[in-house]
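Chemist: Residue numbers (my numbering): 4 to 339. Positions of the beta carbon are idealized from the N, C-alpha and C atoms, including for glycine.
1. Would you kindly check if the distance between the Cβ of residue 43 and the Cβ of residue 60 is under 8 angstroms?
2. Where residue 330 and residue 217 are concerned, what is the direct C-alpha to C-alpha distance, given to the nearest angstrom?
3. Secondary structure at residue 175, three-state DSSP: helix, strand or coil?
4. Is it right to say residue 320 is buried, meaning 16 or more other beta carbons lie within 10 angstroms of its own, or is it exposed?
5. By Cβ distance below 7 angstroms, which residues in the same chain neighbour residue 324 in space, the five residues on each side in sequence not counted?
6. If we call anything under 8 angstroms between Cβ atoms a contact, is residue 269 one with residue 131?
7. Mark residue 27 as exposed unless 16 or more other C-beta atoms lie within 10 angstroms of its C-beta, in which case mark it buried.
8. Quick one: give me the first and last residue of the alpha helix (DSSP H) that residue 262 is part of.
9. Quick check on this structure: which residue in 245, 118 and 80 has the alpha carbon closest to the alpha carbon of residue 97?
10. Would you call the CB atoms of residue 299 and residue 128 closer than 8 angstroms?
11. Taking Cβ positions, are residue 20 and residue 72 nearer each other than 8 angstroms?
12. Decide if the segment 103-120 is in contact with the segment 77-85; the criterion is three or more beta carbon pairs, one per stretch, under 8 angstroms apart.
13. For a quick check, are the C-beta atoms of residue 154 and residue 234 less than 8 angstroms apart?
14. The beta strand (DSSP E) with residue 280 in it runs from where to where?
15. Report yes if the CB atom of residue 134 is closer than 8 angstroms to the CB atom of residue 100, and no otherwise.
16. Answer with buried or exposed for residue 35, where buried requires no fewer than 16 other C-beta atoms within 10 angstroms of its C-beta.
17. For residue 297 and residue 150, I'd like the C-alpha separation in whole angstroms.
18. Please classify residue 149: does DSSP put it in a helix, a strand, or coil?
19. Provide the residue span of the alpha helix (DSSP H) that contains residue 115, from first to last.
20. If you compare alpha carbons, which of 33, 126 and 336 is closest to residue 257?
21. Determine, using beta carbons only, whether residue 9 and residue 38 come nearer to each other than 8 angstroms.
22. Tell me the residue span of the beta strand (DSSP E) that contains residue 8.
23. Going by beta-carbon coordinates alone, are residue 285 and residue 261 separated by less than 8 angstroms?
24. Can you tell me whether residue 17 is buried or exposed? The criterion is at least 16 other CB atoms within 10 Å of its CB, across all chains shown.
25. Would you give the residue range spanned by the beta strand (DSSP E) that residue 57 belongs to?
26. Are the CB atoms of residue 87 and residue 74 within a distance shorter than 8 angstroms?
27. I believe residue 91 touches residue 160 by the beta-carbon criterion, under 8 angstroms. Please report the beta-carbon distance rounded to the nearest angstrom.
28. Under 7 angstroms from any heavy atom of the ligand FAD, does the C-beta of residue 317 make it?
29. Tell me, please, which residues DSSP counts as bridged to residue 31.
30. Considering Cα atoms alone, identify which of 332, 11 and 41 is closest to residue 158.
31. Let me check understanding here. Comparing Cα to Cα, which of 282, 93, 283 and 47 lies closest to residue 145?
32. Given a threshold of 16 other Cβ atoms within 10 Å of its Cβ, counted over all protein chains shown, does residue 333 qualify as buried or as exposed?
33. Run the CB neighbour count on residue 113, radius 10 Å, all protein chains shown included, and call it buried at 16 or more, exposed below.
34. Which one of 120, 289 and 41 has the shortest CA to CA distance from residue 313?
35. For a test of the three-state rule: what should DSSP assign to residue 36, helix, strand or coil?
Set out below in structure tokens:
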């Protein structure tokens with residue numbers, strides 16, 4: 004398998020996305036759920052810092068890992084996030100937080116052989132936050148040289164069923180033709196072409212069947228007025244349920260906000276919240292601290308799932324060197 008990977012990389016059939024270009028998200032899904040890139044984009048793309056991102060995902064039992072990067076036309080047959088190889092290498096290291104030192108510190112959170120988090124960190128306080136958030140005490144510090152060793156180890160552990168989840172092929176007729184013209188010179192492509200032709204044939208016959216059923220449905224729809232009325236009534240009920248869910252079920256509990264905003268300040272920070280005002284989807288927050296660490300709290304606030312945007316409105320210094328930071332936080336949902 005290792006020789007095959009080297010072959011794919013050599014002929015530009017496999018592209019590895021650098022870790023500094025990635026944004027990672029871990030989630031749980033019911034076992035047996037079949038996912039597609041479109042379904043994942045629908046449910047998770049809004050959490051990406053990139054607009055219309057390129058998405059890589061890997062499903063392992065009931066765990067789902069999603070990597071986002073800036074949208075671009077990757078021409079490789081397989082597109083794999085670099086941090087996936089690090090994750091495979093860390094699976095045998097046990098539970099804990101693994102920090103790779105370097106120009107940029109990289110933090111990986113492993114629990115029960117699952118990757119729960121991947122971050123770039125700037126100081127030790129962020130590592131402490133990760134410990135509390137994931138209930139982990141063990142911290143392992145590694146060098147940038149060891150990072151390369153872990154990367155090679157992860158490459159060796161890559162299996163064929165892993166690689167299949169990172170296939171980057173559009174099976175439309177035009178894309179298949181372009182791929183054949185571009186890659187036919189490579190011996191490996193013979194098997195891939197056969198696979199694509201089979202898949203394209205299946206899609207072609209399925210499309211014809213869908214069109215036939217659609218025509219039959221339209222004929223029956225025109226002949227049956229009651230069916231049309233039932234469909235219209237059903238759509239109205241669905242619309243009301245969606246409206247109810249949007250207005251009532253997805254609202255944020257203000258007590259949760261108060262709890263989370265106080266939680267971002269650690270006992271060692273020597274800081275406190277001195278003012279908090281919540282209206283609709285807007286929160287005004289004032290933090291008093293003895294350190295110049297306003298950016299640190301801004302970063303922590305941005306990690307809250309329901310926060311859309313955070314800005315520092317103003318800052319000033321009181322007697323005794325006390326720093327005061329005023330934040331305006333915009334939520335992505337209204338307050339319940």
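Modeler: This is what the structure gives:
1. yes
2. 54 angstroms
3. With a pLDDT of only 46 at residue 175, under 50, the local geometry of the prediction cannot be trusted, and no value is derived from it.
4. exposed
5. 293
6. yes
7. buried
8. 257-266
9. 118
10. yes
11. yes
12. no
13. no
14. 274-282
15. yes
16. exposed
17. 31 angstroms
18. helix
19. Counting along the chain, residue 115 falls outside any alpha helix (DSSP H), and DSSP gives it neither H nor E.
20. 336
21. no
22. Element bounds for residue 8: not the beta strand (DSSP E) but the alpha helix (DSSP H), 5-13.
23. no
24. buried
25. 57-63
26. no
27. 5 angstroms
28. The model on display carries no ligand, and the ligand FAD is accordingly not part of it.
29. 66
30. 11
31. 93
32. exposed
33. buried
34. 289
35. coil
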